[in-house]
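Asks: One structure, pasted below without further comment.
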Amino acid sequence: MQPRLRAHPDESVAYATVSDPVQHTEGLKGKYTVYRIAYDPPPPTADGAVHTSAALFPYATSCYRRYSDFSWLFDHLHKERPGAIVPPLPEKQQVSRFSESFIEDRRFHLEIFLRRVVCNPELKDTECLLVFLGGGDEEFKKAKKDGKEILSNKKSGLKKWIKEKKTTMKGSMIRSPDDAVFEEVEHYISALEAGLKRVDAQATAMMKRDKDASTSLLEFGLGCDALGHIDDEVNGGEGETAKGIGQTFRVVGKTADALSVLSHDHFQREMSCFHEPLRDHLKMVNAVKVALSKRNNRRITYSTCVNQVDSKKASLHKYRITPGMEAKTYSAESSLARAESAVEVARANYEEVSQRVLREVDRFKKENSVVMHETMLEFARSQKEHSEKMNDAWGSLLPQLESVKVAEFTSSSFAQAAASLMERKHGSSLVSSATKQMQEMGMPSYPPPVEPAGNNTNGLESSMLNGAVRYRDLLPEE
4 MQPRLRAHPD ESVAYATVSD PVQHTEGLKG KYTVYRIAYD PPPPTADGAV
54 HTSAALFPYA TSCYRRYSDF SWLFDHLHKE RPGAIVPPLP EKQQVSRFSE
104 SFIEDRRFHL EIFLRRVVCN PELKDTECLL VFLGGGDEEF KKAKKDGKEI
154 LSNKKSGLKK WIKEKKTTMK GSMIRSPDDA VFEEVEHYIS ALEAGLKRVD
204 AQATAMMKRD KDASTSLLEF GLGCDALGHI DDEVNGGEGE TAKGIGQTFR
254 VVGKTADALS VLSHDHFQRE MSCFHEPLRD HLKMVNAVKV ALSKRNNRRI
304 TYSTCVNQVD SKKASLHKYR ITPGMEAKTY SAESSLARAE SAVEVARANY
354 EEVSQRVLRE VDRFKKENSV VMHETMLEFA RSQKEHSEKM NDAWGSLLPQ
404 LESVKVAEFT SSSFAQAAAS LMERKHGSSL VSSATKQMQE MGMPSYPPPV
454 EPAGNNTNGL ESSMLNGAVR YRDLLPEE
């Protein structure tokens, strides 16, 4: 389930899509993924008017771009429209970059990024966006190359950065009538960010609780099922036909399994419809802070230019009152003229960015109200539906448990089983004793005869032989 990220107004530009990810290999640099970018605006209405958000191109376009191209667009939107709220890009990932789930998740978030840019009135007519969507491969490569050349020739900007840093450290910043408004905006954004972070932290804790509950219910159900099997083995029952406490354990175990599934589904829904939108909104708040920082940078630049004009005026006055400094006076006048011209440009940029930031913050507040209302409404709805499903599951369990007749429980007696074993053992021991006696009985023998009366010469020998020699009866003639 994909998260519901700021459904308004992104759904109004469903004709801007990112699809069909394909992996490519670029020599030693390794693999990368390209996406098909399609921009197909709706046709004109019956009166011939074109939808306002479709004014970017009157025709359908398509191209293939990779993640680094989206990153290029992100950077150039900031440069071309400072003060505009540029939506965030999906975060990079170092491992599993080519897994199916990661590629699909990145594709989804890149599409959200593109739709937000297209529907933003401050960004939709930027030159970089036009090149990104409608430019061919060669034109787009040239635009990226030109941007790199501009970035490589920035050594002259080092002195400017040092001067602006000095202006910031000295605190000699120009005050404008709308500074109080921007201070209020910054306070609002800071408070909003702090509140969202607190809600996000608690939402994370709640989702962890629901996930743990799902796991615990699953283990609980397995334990009950095991107890049911143990009771069946002891009492000789089998499955549903058994009558005993095992029947209760089986019913409770099945309910626990169903509750585990419900808790897991609820966790997934919370992640998709509540936690992800909260994280996304925090990123949008950070985008607002970046827009405010762009305005502050223009303010520093303007203040630096004003300070330079004041410094050059002081130098020019010094040269004018000093004899023999005519040449330096002329050079100082030219430098002052250039500085005054730079002040006008910096002031215009500062005012333009300030007004753009105010428009963007107003738009953000309006959309924020709608989005957060939808998010909280979905959160409350999910909690209600989950509670009802859990209550229904427990409610359906109670009649099943109440219908079980405890008086009819059948259970074998361990004492009776022991007595039966003892009886069987005693009977078997008697039989064994008789059998042993029969086996030990020898052949039947007659009692030994009386020794002859006159033959007592060797009494010892006769006594020894009596037990081993068998005498016959005396014959009559003897």
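Residue numbers (the working numbering): 4 to 481.
Just so it is clear, CB atoms sit at the ideal spot from N, CA and C, and this is done for glycine as well.
Treat the numbers as computed from the prediction; the structure is a model and nothing was measured.
1) Tell me the residue span of the alpha helix (DSSP H) that contains Ala294.
2) Excluding the 5 residues preceding and the 5 following Tyr305 in the sequence, name in chain order all residues of the same chain whose CB lies nearer than 7 Å to its CB.
3) On the CB-based measure, 16 or more other CB atoms within 10 Å of its CB, does Trp75 come out buried or exposed?
4) Alpha carbon to alpha carbon, how far is Asn394 from Glu222? Give it in angstroms, no decimals.
5) Measure how close the beta-carbons of Tyr38 and Pro24 come, nearest whole angstrom, since I'm counting them as under 8 Å.
6) How long is the line joining the alpha carbons of Glu189 and Val89, rounded to whole angstroms?
7) Considering only DSSP beta bridges, list what Thr207 is partnered with.
8) Going by other Cβ atoms of all chains shown within 10 Å of its Cβ, with 16 needed for buried, is Met287 buried or exposed?
9) Identify the continuous beta strand (DSSP E) that holds Ala19 and give its terminal residues.
10) For Gly137 versus Glu363, is the C-beta distance shorter than 9 Å?
11) Among Gln250, Val309, Ala206 and Arg323, which has the Cα closest to the Cα of Ala342?
12) Sort out for me which residues DSSP pairs Tyr67 with in a bridge.
13) From the DSSP output, read off the bridge partner residues of Lys392.
14) Touch check for the segment 212-228 and the segment 310-320: three-plus C-beta pairs under 8 Å?
15) Could you name the residues of the same chain whose beta carbon sits closer than 6 Å to that of His269, not counting the 5 residues immediately before and after it, in chain order?
16) Where do the ends of the alpha helix (DSSP H) carrying Cys131 lie?
17) Residues bridged to Lys369 by DSSP?
18) Can you check whether the CB of Val16 is closer than 9 Å to the CB of Cys131?
19) Just the Cα atoms here: how many angstroms apart are Lys257 and Glu236?
20) Answer with buried or exposed for Gly33, where buried requires no fewer than 16 other C-beta atoms within 10 angstroms of its C-beta.
21) Under 7 Å Cβ to Cβ from Pro93, same chain only, skipping five residues before and after it: list those, please.
22) Cα-Cα, which of Ala194, Lys82 and Ser22 is closest to Leu117?
23) Cβ atoms of Gly231 and Ser263: under 9 Å apart, would you say?
24) Only counting the same chain, and skipping five residues up and downstream in sequence, which positions put a Cβ closer than 8 Å to that of Val120?
25) Would you kindly work out how many angstroms separate the C-alpha atoms of His267 and Met209, rounded to a whole number?
26) What number of angstroms, rounded off, separates the C-alpha of Thr20 from the C-alpha of Ala294?
Replies: This is what the structure holds:
1) As a first step, residue 294 is located in the sequence shown; it is residue number 291 there, counting from the start. Per DSSP, Ala294 belongs to the alpha helix (DSSP H) from Glu279 to Ile324.
2) Within the sequence shown, residue 305 is the residue found at index 302, counting from 1. The residues are Ile177, Ala349, Arg350 and Tyr353.
3) Within the sequence shown, the letter at position 72 stands for residue 75. Label assigned to Trp75: buried.
4) Translated into positions along the sequence shown, residue 222 becomes position 219. Translated into positions along the sequence shown, residue 394 becomes position 391. Looking at the two C-alpha atoms, the distance is approximately 20 Å.
5) Numbered from 1 along the sequence shown, position 35 holds the residue referred to as residue 38. Numbered from 1 along the sequence shown, position 21 holds the residue referred to as residue 24. At roughly 5 Å, the Cβ-Cβ gap stays under 8 Å, so Tyr38 and Pro24 are in contact.
6) Within the sequence shown, residue 189 is the residue found at index 186, counting from 1. Within the sequence shown, residue 89 is the residue found at index 86, counting from 1. So the two alpha carbons sit approximately 17 Å from each other.
7) Indexing the sequence shown from 1 puts residue 207 at position 204. Paired residue(s): none; Thr207 is not in a bridge.
8) Residue 287 sits at position 284 when you count from the first residue of the sequence shown. Met287 should be labelled buried.
9) Your numbering for residue 19 matches position 16 in the sequence shown. First-last of the beta strand (DSSP E) with Ala19: Ala19 to Thr28.
10) In the sequence shown, counting from the first residue as 1, residue 137 sits at position 134. In the sequence shown, counting from the first residue as 1, residue 363 sits at position 360. The answer is no: Cβ separation not under 9 Å.
11) Looking up residue 342 in the sequence shown gives position 339. The residue with the shortest Cα to Cα distance from Ala342 is Val309.
12) If you number the sequence shown from 1, residue 67 lands on position 64. DSSP, once it has assigned bridges, lists Arg39 as partnering Tyr67.
13) By 1-based counting over the sequence shown, the position of residue 392 is 389. Answer is none; Lys392 lacks a bridge partner.
14) no
15) Your numbering for residue 269 matches position 266 in the sequence shown. Closer than 6 Å at Cβ, skipping near neighbours: Asp213 and His389.
16) Translated into positions along the sequence shown, residue 131 becomes position 128. Residues Glu130 to Gly137.
17) Numbered from its first residue, the sequence shown carries residue 369 at position 366. Its beta-bridge partners do not exist; DSSP assigns none.
18) Within the sequence shown, the letter at position 128 stands for residue 131. Within the sequence shown, the letter at position 13 stands for residue 16. Going by C-beta atoms, Cys131 is not nearer than 9 Å to Val16.
19) By one-based count along the sequence shown, residue 257 stands at place 254. By one-based count along the sequence shown, residue 236 stands at place 233. Cα to Cα, the separation comes out at about 19 Å.
20) Here residue 33 refers to the residue found at position 30 of the sequence shown. Result: exposed.
21) Position 90 of the sequence shown, counted from the first residue, corresponds to residue 93. Same-chain partners within the cutoff: Arg109, His112 and Leu113.
22) Walking along the sequence shown from the start, residue 117 turns up at place 114. Of the listed residues, the one whose Cα sits closest to Leu117 is Ser22.
23) Taking the first residue of the sequence shown as 1, we reach residue 263 at position 260. Taking the first residue of the sequence shown as 1, we reach residue 231 at position 228. Cβ distance not < 9 Å, so Ser263 and Gly231 don't count as in contact.
24) Within the sequence shown, numbered from 1, the residue matching residue 120 stands at position 117. If we look at Val120 and ignore the five residues flanking it on each side, its Cβ neighbours are Leu76, Leu80, Val89, Pro90, Leu126, Lys127 and Leu132.
25) The count along the sequence shown starts at 1 and reaches residue 267 at position 264. The count along the sequence shown starts at 1 and reaches residue 209 at position 206. Looking at the two C-alpha atoms, the distance is approximately 13 Å.
26) As a position in the sequence shown, residue 20 is number 17, starting the count at 1. As a position in the sequence shown, residue 294 is number 291, starting the count at 1. Roughly 26 Å separates the two Cα atoms.
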